[in-house]
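Participant: One structure, pasted below without further comment.
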Amino acid sequence: KQEVTQIPAALSVPEGENLVLNCSFTDSAIYNLQWFRQDPGKGLTSLLLIQSSQREQTSGRLNASLDKSSGRSTLYIAASQPGDSATYLCAVISNSGYALNFGKGTSLLVTP
Amino acid sequence: DTGVSQDPRHKITKRGQNVTFRCDPISEHNRLYWYRQTLGQGPEFLTYFQNEAQLEKSRLLSDRFSAERPKGSFSTLEIQRTEQGDSAMYLCASSLGRGRAEKLFFGSGTQLSVL
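Those protein sequences? They're chains A and Z, same order as listed.
To convert, count from 1 in the first sequence and add 3; that's the working numbering.
To convert, count from 1 in the second sequence and add 1; that's the working numbering.
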């Protein structure tokens, strides 16, 4: 059974800092990996999707990398802003099936 | 593109009652997913539809849960004889997919509280 772990569980940083969120998964037979953002009481917003054959994806101040063989992904947020405060979730989809397996998320607080 | 719509936003019910949630996906999205999320946890997969066909169901989906997607448009998720453990946020997502590489679009969810 695929297990997805996210470290740290919570993070508080001052505005302007660069930060890294970590995600690991136990079964490297994945089809893709996605990073989502979730605001309190809301649904999820897809941030980045990395195919299993790719190493990284970038969108604005966000950069996600994937090392499938070691079962790791990182989400790098440059020049953090208070508006980045949210929970960030990592999810993988296996080569079989259509279900996304999610981690528990990292709760990020960016203070002014 | 009006986004994925879920109704109701909140539902409070008594244990043993039946509840039904509705999800309207983004028009033309052929894939629809239901997930369940409890506080402090990531979403857990419940079921997946491609058009009107239910192609995958989680073992989490007990006999008390049923989902439909008639005509491949909106979907309903019904929970019969609700239990306190059913209290959670129920999330719907849709995608336009021909493989499994597509981005999922989530609704805002239905928060269920079973008293």
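C-beta atoms are modelled at their ideal positions from N, C-alpha and C, and glycine is treated no differently.
Note down, in chain order, every chain Z residue with its Cβ under 7 Å from the Cβ of Phe-28 of chain A.
Facilitator: Chain Z residues near Phe-28 of chain A: none, gap ~12 Å exceeds 7 Å.
Participant: To the nearest angstrom, report how far apart Gln-60 of chain A and Lys-104 of chain Z are at their CA atoms.
Facilitator: Rounded to whole angstroms, Gln-60 of chain A to Lys-104 of chain Z spans 14 Å at the Cα level.
Participant: Below 8 Å between beta carbons: does that hold for Trp-38 of chain A and Ala-67 of chain A?
Facilitator: For Trp-38 of chain A and Ala-67 of chain A, yes; Cβs fall inside 8 Å.
Participant: Which whole-angstrom value is the C-beta distance of Gly-46 of chain A and Gly-108 of chain Z, which I expect to be below 8 Å?
Facilitator: Gly-46 of chain A to Gly-108 of chain Z, Cβ: 5 Å. Contact.
Participant: Could you check the C-alpha separation between Thr-111 of chain Z and Asn-35 of chain A for me, to the nearest Å?
Facilitator: Cα-Cα distance, rounded: 27 Å.
Participant: If we ignore side chains and look at the alpha-carbon of each, how far apart do Asp-8 of chain Z and Asp-64 of chain Z end up?
Facilitator: Going by the C-alpha atoms only, they are around 23 Å apart.
Participant: What residues of chain Z sit near Lys-107 of chain A, judged by a beta carbon separation below 9 Å?
Facilitator: Per Cβ cutoff of 9 Å: Gly-41, Gln-42, Gly-43.
Participant: Between the alpha carbons of Asn-31 of chain Z and Gly-98 of chain Z, how many angstroms are there, rounded?
Facilitator: One C-alpha to the other measures close to 7 Å.
Participant: Here's the rule I'm using: 16 or more other beta-carbon atoms within 10 Å means buried, otherwise exposed. How should Ala-54 of chain Z be labelled?
Facilitator: By the 10 Å Cβ count, Ala-54 of chain Z comes out exposed.
Participant: What residues in the segment 46-72 of chain A bring their beta carbon closer than 8 Å to a beta carbon of chain Z?
Facilitator: The residues in question are Gly-46, Leu-47, Thr-48, Ser-49, Leu-52, Gln-54.
Participant: For the structure I just gave you, are there three or more beta carbon pairs, one from the segment 87-101 of chain A and one from the segment 60-78 of chain Z, closer than 8 Å?
Facilitator: Segments in contact, no.
Participant: Curious, which full-length beta strand (DSSP E) runs of at least 3 residues does the segment 74-98 of chain A contain?
Facilitator: Segments of the beta strand (DSSP E) lying fully in the segment 74-98 of chain A: 75-80, 89-97.
Participant: Can you check whether the CB of Gly-63 of chain A is closer than 8 Å to the CB of Phe-28 of chain A?
Facilitator: Taking 8 Å as the Cβ cut-off, Phe-28 of chain A and Gly-63 of chain A do not qualify as a contacting pair.
Participant: Could you list which residues in chain A have their beta carbon closer than 7 Å to that of Ser-109 of chain Z, in chain order?
Facilitator: Result: Lys-45, Gly-46.
Participant: CA-CA distance, Gln-5 of chain A and Glu-45 of chain Z?
Facilitator: If I take the Cα positions, the gap works out to 12 Å.
Participant: Between the Cα of Phe-66 of chain Z and those of Z:Asp-25, Z:Leu-56, Z:Gln-42, Z:Val-20, spot the shortest distance and give me the residue it belongs to.
Facilitator: Answer by Cα proximity: Z:Val-20.
Participant: So, with DSSP's three-state summary, where would you put Gln-81 of chain Z?
Facilitator: In this structure, Gln-81 of chain Z counts as coil in the three-state DSSP scheme.
Participant: Leaving out five residues before and five after Leu-116 of chain Z in sequence, what residues of the same chain have Cβ atoms less than 6 Å from its Cβ?
Facilitator: Result list for Leu-116 of chain Z: Lys-15, in chain order.
Participant: Give the secondary structure of Asp-64 of chain Z by DSSP, where H, G and I count as helix, E and B as strand, and everything else as coil.
Facilitator: Looking at Asp-64 of chain Z - three-state DSSP - the assignment turns out to be coil, as it is neither helix nor strand.
Participant: Quick one: which chain A residues come within Cβ less than 9 Å of Lys-104 of chain Z?
Facilitator: Neighbours of Lys-104 of chain Z on chain A, chain order: Gln-37, Ser-49, Leu-52.
Participant: Here's the rule: buried if 16 or more other CB atoms are within 10 angstroms of the residue's CB, otherwise exposed. What is Gly-106 of chain A?
Facilitator: So Gly-106 of chain A ends up on the buried side.
Participant: Considering just the uninterrupted stretch of the beta strand (DSSP E) at Ser-68 of chain A, what are its terminal residues?
Facilitator: Its beta strand (DSSP E) spans residues 65-70.
Participant: Which bits of chain A does Leu-62 of chain Z rub up against, with CB to CB less than 7 Å?
Facilitator: By Cβ distance, chain A contributes nothing, its closest Cβ being about 11 Å from Leu-62 of chain Z, past 7 Å.
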